[in-house]
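Visitor: After the structure tokens below, expect a handful of questions from me.
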Amino acid sequence: MTPAPHPPSRVALIGYALAGAAFHAPLIATPSGLRLAAVVTASPERRARLAVEHPEAQVLDSPEQVFDRAEEYDLVVIATPNRT
């Protein structure tokens, strides 16, 4: 008997600048058992880009929102500059 497939792991991505948008989000969105569930960015330009590139992802304003909803995510990727 074949085991039932596991649902994809829900990923929250904090940061949608170079690392988040160019590397992390595309890798998470590939058929890899992961689902890009939420992205944190306060930038209006990046929010607009995110809506086009990953419309399935919920857009959040701050990392605190991720932590407040921790039960909704299985994994958090932090893609912010070192200075933050």
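Under the working numbering, the first residue of the sequence shown is numbered 1, with each subsequent residue one higher. Where is the CB? At the ideal position from N, CA and C, for every residue including glycine.
With DSSP as the reference, label ARG46 as helix, strand or coil.
Guide: Helix.
Visitor: Quick check: LEU50 and VAL39, are their CB atoms within less than 9 Å of each other?
Guide: Contact flag set, yes.
Visitor: For ALA79, name the three-state secondary structure that DSSP assigns.
Guide: Coil at ALA79, not helix or strand.
Visitor: For THR41, count the other beta carbons within 10 Å of its own beta carbon; 16 or more makes it buried, fewer makes it exposed. Which is it?
Guide: With 16 or more Cβ atoms within 10 Å of its Cβ, THR41 is classed as buried.
Visitor: Looking at the structure shown, is ALA29 part of a helix, part of a strand, or coil, going by DSSP?
Guide: It is helical.
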